[in-house]
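Protein chains in written order, with the working numbering: chain A, 1334 to 1548; chain B, 1334 to 1548. C-beta: ideal position from N, C-alpha, C; glycine also. Inspection log for the structure reproduced underneath, given as structure tokens.
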């Protein structure tokens, strides 16, 4: 049985829940309150010494942290990950792009603005905003010429990128500036069932959330 | 024939050259001068719209950016990537950890300090220093109990992490504070041939390098 250590407000956790729902795979969900200190215990350090969610426990190997590693592992031998080596490489390429370019910009900005950790006009916000905007520009150009990110099909690359990109407005971006991204979000949401069964990940419970200037 | 678009001063490029050397795979190296504007051309945007090195061209698929996606692709069906699904997942876990936790901290700090883009006592340096230190702490704990990062063998996980971790002193870290990491660096450097054939990646040519306070 799969066991997912999961924080409801995290986009990295959301992407794993989304794939599990689309795979129709049952799992035990272990809620982790990251603001309540749940990741600071010795037990949690044994699951993930980096003290982050999500972590997947399986019957086969050691606990598996890192959302995109979990996506690839769960997707092996399913329609969500191509078997062709060159196509698999492109799926991984976009998943690494997500961690390197989308997380520091869009996800980092969204978290800090919603929780009031950064002032909207600070230098740090401007730097993250530029990084996230560049990532959205790259995605917009790439998706202007194809339906999905890699291998001409819906894959874990799309799930991995969708998680934070579809809430980019909460980091102050106007997705109307990235029309190809907006159309791709519609395709991701339209082509697969179960999207509406998922608990949405809204950071209403994040400490300081009331101070946000973004909706 | 493989063709690697490569910037000599980049750790992300270095890791690909290291794997190619250890695999004994011939390739054409295309030097890219990132400070000279080589990544700003339309031709380069077709290779990688994110305008970053490395990019690998192969005979099979589209150009492949993202250093860790390149490592995994080249390592398929070799000793550098296990076939067991749970072991492969752990290799990917550490490669994603590298992009998420090591690059923004150690690599980002090293680049900005060497090129004089950040003052050593600025708030941005302190934030990156803490992030890189946390990553080194995680690695030190993990490597205190095992010889290599994943699957009880030397793999692309070790190559991916080695690239920036072995030059962490250039970002102001003292690796003596992380003795298990230091021993692992010795194992990485000791167990494989070709390490000495590689062009070292020293950022002597980076603009502003003379202003660094770190050796």
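*At 4 residues or longer, and completely inside the segment 1342-1423 of chain A: list those alpha helix (DSSP H) runs for me, N to C.*
1344-1356, 1375-1380, 1400-1408
*Exposed or buried, which one is residue 1386/A when buried takes at least 16 other CB atoms within 10 Å?*
Within the first chain, residue 1386/A is the residue found at index 53, counting from 1. By the neighbour-count rule (16 or more Cβ atoms within 10 Å), residue 1386/A is buried.
_Helix, strand or coil for residue 1338/B? Go by DSSP, reduced to three states._
Taking the first residue of the second chain as position 1, residue 1338/B is located at position 5. Looking at residue 1338/B - three-state DSSP - the assignment turns out to be strand.
*Give the DSSP bridge partners of residue 1486/B, in chain order.*
What you label residue 1486/B is simply residue 153 of the second chain in a count that begins at 1. Note: residue 1486/B sits in a beta bridge opposite 1483/B.
*State yes or no: is the beta carbon of residue 1382/B nearer than 9 angstroms to at least one beta carbon in chain A?*
What you label residue 1382/B is simply residue 49 of the second chain in a count that begins at 1. It does: the Cβ of residue 1382/B has a partner Cβ on chain A nearer than 9 angstroms.
*For the segment 1421-1432 of chain B, which residues have a beta carbon sitting closer than 7 angstroms to at least one beta carbon of chain A?*
1422, 1423, 1425, 1426, 1429, 1430, 1432
*Cβ pair residue 1397/B, residue 1489/B closer than 9 angstroms*: Walking along the second chain from the start, residue 1397/B turns up at place 64. Walking along the second chain from the start, residue 1489/B turns up at place 156. Not a contact, by the Cβ cut-off of 9 angstroms.
_Please tell me whether residue 1502/A has its Cβ less than 9 angstroms away from any Cβ of chain B._
To locate residue 1502/A, count along the first chain from 1; it is residue 169. Not one chain B Cβ lies under 9 angstroms of residue 1502/A.
*Using 9 angstroms as the limit for Cβ to Cβ distance, is residue 1391/A near chain B?*
On the first chain, position 58 is the one that residue 1391/A refers to. Yes, residue 1391/A counts as interfacial toward chain B.
*For residue 1339/A and residue 1481/A, the rounded distance between their alpha carbons*: One-based indexing of the first chain puts residue 1481/A at position 148. One-based indexing of the first chain puts residue 1339/A at position 6. Going from the Cα of residue 1481/A to the Cα of residue 1339/A covers about 27 angstroms.
*Mark residue 1459/B as exposed unless 16 or more other C-beta atoms lie within 10 angstroms of its C-beta, in which case mark it buried.*
Working through the second chain from its first residue, we reach residue 1459/B at position 126. When all chains shown are included, residue 1459/B counts as exposed.
*Taking Cβ to Cβ, would you say residue 1361/A is nearer than 9 angstroms to residue 1335/A?*
Residue numbering aside, residue 1361/A sits at position 28 when the first chain is read from its first letter. Residue numbering aside, residue 1335/A sits at position 2 when the first chain is read from its first letter. Taking 9 angstroms as the Cβ cut-off, residue 1361/A and residue 1335/A qualify as a contacting pair.
*Residues in the segment 1341-1354 of chain B having any Cβ partner in chain A nearer than 9 angstroms*: none
_Please tell me whether residue 1442/A and residue 1505/A are closer than 9 angstroms, where the distance is taken between their beta carbons._
Locating residue 1442/A in the first chain gives position 109, counting from the first residue. Locating residue 1505/A in the first chain gives position 172, counting from the first residue. Yes, they are a contact pair.
*Since residue 1347/B contacts residue 1439/B with CB under 8 angstroms, what's their CB separation in whole angstroms?*
Taking the second chain and counting its residues from 1, the one referred to as residue 1347/B is at position 14. Taking the second chain and counting its residues from 1, the one referred to as residue 1439/B is at position 106. With a Cβ gap of about 14 angstroms, residue 1347/B and residue 1439/B do not count as contacting.
*residue 1432/A and residue 1433/B look like a contact to me (Cβ under 8 angstroms); what is the Cβ gap, rounded to whole Å?*
Within the first chain, the letter at position 99 stands for residue 1432/A. Within the second chain, the letter at position 100 stands for residue 1433/B. Confirmed, about 5 angstroms.
_One question on the structure: do residue 1378/A and residue 1426/B come within less than 9 angstroms of each other, judged by their Cβ atoms?_
Against the first chain, residue 1378/A aligns to sequence position 45. Against the second chain, residue 1426/B aligns to sequence position 93. Not a contact, by the Cβ cut-off of 9 angstroms.
_I need the straight-line Cα distance from residue 1341/B to residue 1366/A, nearest angstrom please._
For the purposes of this step, residue 1341/B is identified with residue 8 of the second chain, where counting begins at 1. For the purposes of this step, residue 1366/A is identified with residue 33 of the first chain, where counting begins at 1. Cα-Cα distance, rounded: 44 angstroms.
_Tell me which residue opens and which closes the alpha helix (DSSP H) that residue 1474/A is part of._
As a position in the first chain, residue 1474/A is number 141, starting the count at 1. It spans 1456-1476 - the alpha helix (DSSP H) in which residue 1474/A sits, taken as one unbroken run.
*asked:* Quick check on the DSSP output: the alpha helix (DSSP H) that includes residue 1508/B runs from which residue to which?
replied: One-based indexing of the second chain puts residue 1508/B at position 175. Where residue 1508/B is concerned, there is no enclosing alpha helix (DSSP H), given that its DSSP letter is neither H nor E.
*asked:* Since residue 1407/B and residue 1352/B should fall inside the 8 angstroms C-beta cutoff, what is the C-beta to C-beta distance between them, to a whole number of angstroms?
replied: For the purposes of this step, residue 1407/B is identified with residue 74 of the second chain, where counting begins at 1. For the purposes of this step, residue 1352/B is identified with residue 19 of the second chain, where counting begins at 1. Contact flag correct, Cβ pair sits at about 6 angstroms.
*Going by Cα to Cα distance, which pick from 1475/B, 1358/B, 1483/B is closest to residue 1280/B?*
Any property of residue 1280/B remains undetermined from this structure, which presents chain B solely from 1334 to 1548.
_Within chain B, partners of residue 1409/A - CB distance below 7 angstroms_ = What you label residue 1409/A is simply residue 76 of the first chain in a count that begins at 1. The answer, in chain order, is 1418.
_By alpha-carbon positions, which one of 1357/A, 1465/A, 1419/A ends up nearest to residue 1503/A?_
Indexing the first chain from 1 puts residue 1503/A at position 170. Residue 1465/A is the option with its Cα nearest to residue 1503/A.
_For residue 1477/A, which residues in the same chain have their Cβ closer than 6 angstroms to its Cβ, ignoring the five residues on either side in sequence?_
On the first chain, position 144 is the one that residue 1477/A refers to. If we look at residue 1477/A and ignore the five residues flanking it on each side, its Cβ neighbours are 1513.
*Which whole-angstrom value is the C-beta distance of residue 1475/A and residue 1382/B, which I expect to be below 8 angstroms?*
Walking along the first chain from the start, residue 1475/A turns up at place 142. Walking along the second chain from the start, residue 1382/B turns up at place 49. Indeed, because the Cβ distance is near 6 angstroms, the residues count as touching under 8 angstroms.
*Give the DSSP-derived three-state secondary structure of residue 1499/A in the structure shown.*
Working through the first chain from its first residue, we reach residue 1499/A at position 166. Looking at residue 1499/A - three-state DSSP - the assignment turns out to be coil, as it is neither helix nor strand.
*At what residues does the alpha helix (DSSP H) containing residue 1297/A begin and finish?*
For chain A, the structure presents residues 1334 to 1548; residue 1297/A sits outside this window and is missing.
*With a 10 Å radius around its C-beta and 16 neighbouring C-beta atoms as the bar for buried, classify residue 1372/B as buried or exposed.*
For this step, residue 1372/B is matched to residue 39 along the second chain. Residue 1372/B should be labelled buried.
*How many angstroms separate the CA atom of residue 1456/A from the CA atom of residue 1445/B?*
Position 123 of the first chain, counted from the first residue, corresponds to residue 1456/A. Position 112 of the second chain, counted from the first residue, corresponds to residue 1445/B. Roughly 16 angstroms separates the two Cα atoms.
_Straight-line Cα distance separating residue 1369/B from residue 1451/B_ = Taking the first residue of the second chain as 1, we reach residue 1451/B at position 118. Taking the first residue of the second chain as 1, we reach residue 1369/B at position 36. Going by the C-alpha atoms only, they are around 21 angstroms apart.
*With 9 angstroms as the threshold, decide whether the Cβ of residue 1414/A is near any Cβ in chain B.*
Residue 1414/A sits at position 81 when you count from the first residue of the first chain. Not closer than 9 angstroms to any Cβ of chain B, the Cβ of residue 1414/A fails to qualify, so no.
*asked:* With a threshold of 9 angstroms between beta carbons, is residue 1475/B in contact with chain A?
replied: Position 142 of the second chain, counting from 1, holds the residue named residue 1475/B. Yes, residue 1475/B counts as interfacial toward chain A.
*Name the residue from 1516/B, 1508/B, 1491/B whose alpha carbon lies nearest to the alpha carbon of residue 1421/B.*
In the second chain, the residue the question calls residue 1421/B occupies position 88. Checked all of 1516/B, 1508/B, 1491/B; the closest Cα to residue 1421/B is 1491/B.
*asked:* Check this for me: beta carbons of residue 1418/A and residue 1393/B, under 9 angstroms apart or not?
replied: Stepping through the first chain from its first residue, residue 1418/A is reached at position 85. Stepping through the second chain from its first residue, residue 1393/B is reached at position 60. Going by C-beta atoms, residue 1418/A is nearer than 9 angstroms to residue 1393/B.
*asked:* Please report the distance separating the alpha-carbon of residue 1388/B from that of residue 1462/B.
replied: As a working note, residue 1388/B is residue 55 in the second chain. As a working note, residue 1462/B is residue 129 in the second chain. Approximately 29 angstroms, taken between the alpha carbons.
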